[in-house]
């Protein structure tokens, strides 16, 4: 798999550049998410958490939690406790503010952590979630293995990630928007042009569909469901720890 980095700086790792990028765009991240997706990202998150409704009072780890949207949605829909983990201190600061404003401190906590070296014991969580985060992992297989490691046996892993539409003519129209309009608008609002050039580049090189499920299997999770969203713009992958 080709390594795509936000800034392509010589001698700097993808992990370091991703942290730098999210620290840079944190203040405008939520605005841009909703603007660039026309608000449909909220529906995608609801569908993702909805797949966990069968779990009784689960403890959930939300990886790449960012500003906490999926973690908050998980608590709201499941009434559960959630720990959110992310590399970016600035993104986590926004998440803490949102958690405090909603009075959810006793239910949701956040921690700065590396996806490839999680500070949790084996079998700590009933479910692990991540929205639009796994394609930013420096080592995808190691990151997925860590997520599976901290799951209890039989625990669920729900991953929401961008994918590549394949149906004509929607694919062609979407790719025009994704490769040209989105980077220009995102760069203008965020003041970080590289971050929103990186977005389509990272999606184009990322394995999706059955290819991604093979990475899940290698990490020790059995694919349970794969749900294509909005003509293939995004996909939810549900897996279960073997």
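In my numbering, the protein residues as written are 108 to 349.
C-beta: ideal position from N, C-alpha, C; glycine also.
No experiment lies behind these values; they were computed from the predicted model shown.
Backbone CA spacing between residue i and residue j [nearest angstrom]
i: residue 119; j: residue 146; result: 34 Å
i: residue 293; j: residue 144; result: 11 Å
i: residue 186; j: residue 117; result: 45 Å
i: residue 174; j: residue 279; result: 31 Å
i: residue 301; j: residue 256; result: 33 Å
i: residue 163; j: residue 188; result: 11 Å
i: residue 318; j: residue 231; result: 28 Å
i: residue 211; j: residue 171; result: 19 Å
i: residue 314; j: residue 199; result: 27 Å
i: residue 195; j: residue 130; result: 6 Å
i: residue 310; j: residue 233; result: 28 Å
i: residue 316; j: residue 345; result: 12 Å
Which of helix, strand or coil DSSP assigns to residue i
i: residue 307; result: helix
i: residue 412; result: The structure shown does not extend to residue 412, since the chain is modelled only from 108 to 349, so the question has no answer here.
i: residue 129; result: helix
i: residue 241; result: helix
i: residue 259; result: strand
i: residue 148; result: helix
i: residue 319; result: helix
i: residue 155; result: helix
i: residue 226; result: coil
i: residue 112; result: coil
i: residue 220; result: coil
i: residue 160; result: coil
i: residue 143; result: helix
i: residue 194; result: coil
Bridge partners - residue i, DSSP secondary structure assignment
i: residue 282; result: In the DSSP output, where bridge partners are listed per residue, residue 282 has none listed.
i: residue 276; result: In DSSP, residue 276 forms no bridge with anything.
i: residue 330; result: 346
i: residue 188; result: 166
i: residue 236; result: 169, 265
i: residue 215; result: 189
Assumed close pair residue i, residue j - CB separation to whole angstroms, cut-off 8 Å
i: residue 132; j: residue 178; result: That belief does not hold up - the Cβ atoms of residue 132 and residue 178 are roughly 19 Å apart, past 8 Å.
i: residue 176; j: residue 152; result: 6 Å
i: residue 322; j: residue 248; result: 6 Å
i: residue 135; j: residue 296; result: 6 Å
i: residue 252; j: residue 326; result: 5 Å
Residue i burial status per 10 Å Cβ neighbour count (16 or more: buried)
i: residue 299; result: buried
i: residue 288; result: exposed
i: residue 347; result: buried
i: residue 275; result: exposed
i: residue 238; result: buried
i: residue 159; result: buried
i: residue 305; result: buried
i: residue 383; result: Outside the shown range of the chain (108 to 349) lies residue 383, about which nothing can therefore be said.
i: residue 224; result: exposed
i: residue 165; result: buried
i: residue 229; result: exposed
i: residue 261; result: exposed
i: residue 263; result: buried
Residue i CB to nearest heavy atom of the ligand ATP below 6 Å
i: residue 194; result: Absence of the ligand ATP is noted for the structure shown, with no ligands found whatsoever.
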